[in-house]
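Novice: In UniProt numbering, the protein residues as written are 1 to 367.
Just so you know, even glycine gets a beta-carbon here, dropped at the ideal spot from N, CA and C.
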């Protein structure tokens, strides 16, 4: 479906056209009409499917400018808060709906000053939202919309109690939209407690599984060979590449090792200041064939559509982590490649089992 066919304001259609968005993705085609009707919505979908616009468009359409804090969007990470805010702001560029992102790592007094202007949409991480509520700087009594984005990751990061506390101060009469790549028992419980019985549930996890779109390979390399194996892949394939490591320490170490071998890479993790992380992400986005090394949690908030390769320098500890990692490439129908550096046969067997469960053949890397 084209956005021009949807029952949305001309200002939104023009904003989408300026962004180069003309045809709705599958999740947008399903979620937007239901949300415009005022229904609670649950979307099970991986990243890279256009879910931010799926909830942003109905919010901008339905919110009346000048009525203060109307919508709260809760996200797990600082990076995601910043990027979701920018996406909503671009869609609202032809309206008078104001958006603010609040998260840790930035001056809370400055954020409180911005809150005094009463932006209609607040995008924030659970911890900073709780802090602002506790200080009396933020009131959600008039909020009519709640969005929970990447709910499974918020629970993985230990934010369940914070999220419940935020929901407890919201009006009971509201519209709620929840998006999650997976649906563990805790998420299902939250849906039962806080969402309407007449909610719409859209499960796009099967149709949108990244393993259907990503060419997947493995490369056997013990810990002494890993650096040279990684360099081999990077030299052979020069498109934009995201490299995953398990720890912050490994991220910094790997950046130095690649630099010593003549490969310039960017590194990002939770210990870097927020402004530095923003600059790193911007540099990566603007590069034509850059390399970004990241941990899982930080990378969850990085939304870059033209990543050609994902490399697992450290093997992921969970199946879902592998799915999320390779979902960073092959976005919006583009081709992508994932290479996992396996240190032993146990890791290789685990990788092959993940592939088999998702109807994917994982082949040896021959580059």
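What did DSSP end up calling residue 126 once you bin it into helix, strand or coil?
Specialist: Taking the first residue of the chain shown as position 1, residue 126 is located at position 126. Residue state, collapsed to three classes: helix.
Novice: Would you call the segment 57-70 in contact with the segment 136-156, where contact means no fewer than 3 C-beta pairs closer than 8 Å?
Specialist: yes
Novice: Determine the direct distance from the alpha carbon of residue 31 to that of residue 24, and round the result to whole angstroms.
Specialist: Here residue 24 corresponds to residue number 24 of the chain shown, with the count starting at 1. Here residue 31 corresponds to residue number 31 of the chain shown, with the count starting at 1. Approximately 10 Å, taken between the alpha carbons.
Novice: Can you confirm whether the segment 252-267 touches the segment 325-332 when touching is taken to mean that 3 or more C-beta pairs between the two stretches lie within less than 8 Å?
Specialist: no
Novice: Would you call residue 247 buried or exposed, if buried means 16 or more other Cβ atoms sit within 10 Å of its Cβ?
Specialist: Position 247 of the chain shown holds residue 247. Residue 247 is exposed by the Cβ-count criterion.
Novice: Taking only three categories from DSSP, how would you classify residue 315?
Specialist: As a first step, residue 315 is located in the chain shown; it is residue number 315 there, counting from the start. Residue state, collapsed to three classes: coil.
Novice: Rounding to the nearest angstrom, what Cα-Cα distance links residue 201 and residue 44 in this structure?
Specialist: Looking up residue 201 in the chain shown gives position 201. Looking up residue 44 in the chain shown gives position 44. Straight-line Cα distance between these residues: approximately 8 Å.
Novice: When DSSP builds the beta bridges, which residues end up paired with residue 121?
Specialist: Here residue 121 corresponds to residue number 121 of the chain shown, with the count starting at 1. Beta-bridge partners assigned by DSSP to residue 121: 71 and 99.
Novice: Within the segment 161-233, note down every full alpha helix (DSSP H) run reaching 4 residues or more, in order along the chain.
Specialist: Within the segment 161-233, the runs of alpha helix (DSSP H) that reach at least 4 residues and sit entirely inside it are, in chain order, 185-194.
Novice: Taking the alpha carbon of residue 227 as the point to measure from, which residue in 11, 239, 217 and 243 has its own alpha carbon closest?
Specialist: Residue 227 sits at position 227 when you count from the first residue of the chain shown. Nearest option by C-alpha distance: 243.
Novice: Relative to the C-alpha of residue 322, which residue among 305, 354 and 348 is closest?
Specialist: Numbered from its first residue, the chain shown carries residue 322 at position 322. Nearest of 305, 354 and 348 to residue 322, Cα basis: 354.
Novice: Inspect the CB distances between the segment 115-122 and the segment 96-103 and report whether three or more fall short of 8 Å.
Specialist: With the cut-off at 8 Å, the segment 115-122 and the segment 96-103 touch.
Novice: Give me, in chain order, the residues of the same chain whose beta-carbon lies closer than 6 Å to that of residue 231; leave out the 5 immediate sequence neighbours on both sides.
Specialist: Locating residue 231 in the chain shown gives position 231, counting from the first residue. Only 261 meet the Cβ criterion.
Novice: Under a Cβ-count criterion, where at least 16 other Cβ atoms within 10 Å of its own Cβ denotes burial, should residue 207 be classed as buried or exposed?
Specialist: Residue mapping note: residue 207 aligns to position 207 of the chain shown, counting from 1. Here the model assigns residue 207 a pLDDT of 42, short of 50, so the residue's position is not dependable and the matter cannot be decided.
Novice: Have a look at residue 209 and residue 182 and give me their C-alpha separation to the nearest angstrom.
Specialist: For the purposes of this step, residue 209 is taken as the residue at position 209 of the chain shown. For the purposes of this step, residue 182 is taken as the residue at position 182 of the chain shown. Residue placement at residue 209 is poorly supported in this model, since its pLDDT is 43, which falls under 50; the coordinates are not used for a value here.
Novice: Checking 8 Å against the spacing of the C-beta atoms, do residue 19 and residue 76 come in under that value?
Specialist: Here residue 19 is taken as the residue at index 19 of the chain shown, counted from 1. Here residue 76 is taken as the residue at index 76 of the chain shown, counted from 1. Cβ distance not < 8 Å, so residue 19 and residue 76 don't count as in contact.
Novice: Hey, would you say residue 27 sits closer than 8 Å to residue 204, going by beta carbons?
Specialist: For the purposes of this step, residue 27 is taken as residue 27 along the chain shown, with counting starting at 1. For the purposes of this step, residue 204 is taken as residue 204 along the chain shown, with counting starting at 1. Yes, Cβ-Cβ distance for residue 27 and residue 204 is below 8 Å.
Novice: Looking only at its chain, what residues have a beta carbon closer than 7 Å to the beta carbon of residue 38, apart from the 5 residues adjacent to it on each side?
Specialist: Locating residue 38 in the chain shown gives position 38, where the first residue counts as 1. Counting only Cβ-Cβ distances below 7 Å, and skipping sequence neighbours, we find 175.
Novice: Quick check on this structure: which residue in 190, 241, 90 and 184 has the alpha carbon closest to the alpha carbon of residue 168?
Specialist: Walking along the chain shown from the start, residue 168 turns up at place 168. It is 190.
Novice: Kindly indicate the opening and closing residues of the alpha helix (DSSP H) around residue 92.
Specialist: The residue you call residue 92 lines up with position 92 of the chain shown. Here residue 92 belongs to no alpha helix (DSSP H), and DSSP marks it neither H nor E.
Novice: According to DSSP, is residue 378 helix, strand or coil?
Specialist: The question about residue 378 has no answer here: the residues shown for the chain are numbered 1 through 367.
Novice: With DSSP collapsed to three states, give me the class of residue 21.
Specialist: Against the chain shown, residue 21 aligns to sequence position 21. Residue state, collapsed to three classes: coil.
Novice: Roughly how many whole angstroms lie between the Cα atoms of residue 148 and residue 358?
Specialist: If you number the chain shown from 1, residue 148 lands on position 148. If you number the chain shown from 1, residue 358 lands on position 358. The alpha-carbon atoms of residue 148 and residue 358 are separated by roughly 27 Å.
Novice: Buried or exposed: which applies to residue 256, given that a residue is buried once 16 or more other Cβ atoms fall within 10 Å of its Cβ?
Specialist: Position 256 of the chain shown holds residue 256. Exposed is the call here.
Novice: Taking C-alpha atoms, which residue in 79, 313, 350 and 347 lies nearest to residue 225?
Specialist: If you number the chain shown from 1, residue 225 lands on position 225. For the residues 79, 313, 350 and 347, the minimum Cα distance to residue 225 belongs to 313.
Novice: Should residue 337 and residue 218 be called a contact, given that it needs their Cβ atoms to be closer than 8 Å?
Specialist: Here residue 337 corresponds to residue number 337 of the chain shown, with the count starting at 1. Here residue 218 corresponds to residue number 218 of the chain shown, with the count starting at 1. Cβ distance not < 8 Å, so residue 337 and residue 218 don't count as in contact.
Novice: Express the C-alpha separation of residue 324 and residue 363 in angstroms, rounding to a whole number.
Specialist: Along the chain shown, read from residue 1 onward, the residue named residue 363 stands at position 363. Along the chain shown, read from residue 1 onward, the residue named residue 324 stands at position 324. Taking the straight line joining both Cα atoms gives about 19 Å.
Novice: On the three-state DSSP scale, how would you describe residue 330?
Specialist: Within the chain shown, residue 330 is the residue found at index 330, counting from 1. DSSP places residue 330 outside both helix and strand once states are collapsed to three, so it counts as coil.
Novice: For the candidate residues 249, 264 and 220, whose alpha-carbon lies nearest to that of residue 235?
Specialist: Translated into positions along the chain shown, residue 235 becomes position 235. Per the Cα distances, 264.
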